[in-house]
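In what follows, a single structure is set out as structure tokens and then discussed.
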Ligand code: AMP
Ligand code: MN
Ligand code: MN
Ligand code: MN
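Residue numbers (our numbering): 551 to 845.
Here you go:
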């Protein structure tokens with residue numbers, strides 16, 4: 551009989567732009583009957599230890615992960631890392647650099663928003679987001695919560711969307727470097743939500759074959775916004791390219807209230823059985839990866 555246990559391999563906590571703490575996510579996973587979830591905060595592994603600790607003695611398995619922002623041909627791409635080693639020093643240093651660059655960029659975006667007449671300062675934004683990676687999502691929430699802008703959609707349509715007046719681009723690593731960084735940290739690398747990059751299916755396929763040559767392990771074929779056709783097409787490409795598949799909701803708590811952990815918009819189902827090959831792959835990567843600090 552197939553294992554009908556449900557998992558979710560794409561979940562954000564307060565370590566980035568989610569509204570649940572890692573501990574609260576574990577409780578929610580238990581209530582929702584999830585067998586496992588991957589904590590995949592944006593460019594951060596700060597919540598992983600807390601999640602692992604909170605899950606001790608429960609039936610919920612934690613996949614230590616992250617979602618790296620990177621770039622391919624001028625587009626922002628997201629790469630998921632599963633079973634990364636949260637103690638890996640190279641990864642920690644790289645994430646520190648990302649954090650610094652983000653802070654500098656956030657300061658610039660806040661200045662531009664203040665110049666528009668909104669009552670926002672960088673310090674006030676920090677005060678509402680302690681110990682967090684602050685993304686445009688957090689800035690949008692601040693503007694809505696403080697009555698500066700009516701809705702999150704309006705914030706992105708007018709001010710913070712790509713190429714809008716208060717948007718500042720960010721220096722990113724390449725998609726192929728993101729794969730290497732994840733592998734060096736002993737994790738398996740999966741392309742996140744491949745249909746969100748405004749590419750035709752044909753170009754998504756080419757992109758996946760290209761990344762496969764650089765060691766890509768898999769693709770997020772199961773995802774909240776996918777229609778049944780999308781999932782079928784991506785699974786078929788994955789088979790052709792010899793890639794594994796992952797699946798997740800992209801849960802952000804109240805920041806994306808239409809998405810439920812493990813259930814997405816209602817129809818999402820990610821079976822537990824897809825986790826086993828991912829874990830095996832990460833084990834193999836871990837065996838061949840170089841020890842910390844040695845080139
Ligand atoms: P950042 O990494 O700072 O560029 O911010 C990325 C985050 O901003 C995403 O995870 C989303 O939460 C949010 N975001 C970006 N673009 C949009 C958009 N057009 N509509 C709604 N949210 C968006
Ligand atoms: Mn996000
Ligand atoms: Mn993403
Ligand atoms: Mn995400």
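Ideal Cβ positions, reconstructed from N, Cα and C, are used throughout, including at glycine.
Mind checking if residue i is an interface residue toward chain B, Cβ cutoff 8 Å exclusive?
i: residue 612; result: Absence of chain B from the displayed structure is noted, only one protein chain being present.
Could you check how far apart the C-beta atoms of residue i and residue j are, in whole angstroms? I think they sit under 8 Å.
i: residue 795; j: residue 769; result: 6 Å
i: residue 585; j: residue 609; result: 7 Å
i: residue 683; j: residue 652; result: 7 Å
i: residue 626; j: residue 722; result: 7 Å
Distance, Cα to Cα, residue i vs residue j?
i: residue 844; j: residue 606; result: Legend: pLDDT at residue 844 = 46, less than 50; position of this residue unreliable, value from coordinates given subsequently. C-alpha separation (whole angstroms): 32 Å.
i: residue 714; j: residue 708; result: 6 Å
i: residue 784; j: residue 771; result: 5 Å
i: residue 832; j: residue 809; result: 28 Å
i: residue 693; j: residue 670; result: 8 Å
i: residue 925; j: residue 712; result: Past the edges of the chain, shown from 551 to 845, lies residue 925, and the structure says nothing about it.
i: residue 773; j: residue 589; result: 15 Å
i: residue 555; j: residue 570; result: 23 Å
i: residue 724; j: residue 820; result: 28 Å
i: residue 620; j: residue 767; result: 16 Å
Give a single yes or no on whether residue i has its beta carbon closer than 7 Å to a heavy atom of ligand 2.
i: residue 567; result: yes
i: residue 685; result: yes
Any heavy atom of ligand 4 closer than 7 Å to the Cβ of residue i?
i: residue 776; result: no
i: residue 564; result: no
i: residue 590; result: yes
i: residue 621; result: no
i: residue 617; result: yes
i: residue 560; result: yes
Using a Cβ-Cβ cutoff of less than 8 Å, which residues in the same chain neighbour residue i once the five nearest sequence positions on both sides are dropped?
i: residue 657; result: 672
Is residue i near ligand 3, judged by its Cβ being under 7 Å from some heavy atom?
i: residue 802; result: no
i: residue 628; result: yes
i: residue 743; result: yes
CB-CB under 7 Å to residue i, same chain, minus the five flanking residues each way: which ones, in chain order?
i: residue 573; result: 600 and 604
i: residue 636; result: 595, 598, 599 and 614
Near residue i, what residues of its chain come up, given a Cβ to Cβ distance below 6 Å and the 5 sequence neighbours on each side ignored?
i: residue 562; result: 568, 591 and 802
Quiz prompt | Contained beta strand (DSSP E) runs [length at least 3] in the region 678–766, N- to C-terminal order | solution = 738–741
Practice problem: Pick out the complete beta strand (DSSP E) segments inside the region 581–646, 3 residues or longer, and give them in chain order. | Solution: 584–589, 611–622 and 625–632
Exercise. Return the chain-ordered ranges of every beta strand (DSSP E) run that is complete within the region 793–835 and spans a minimum of 3 residues.
Key: You should have 794–798.
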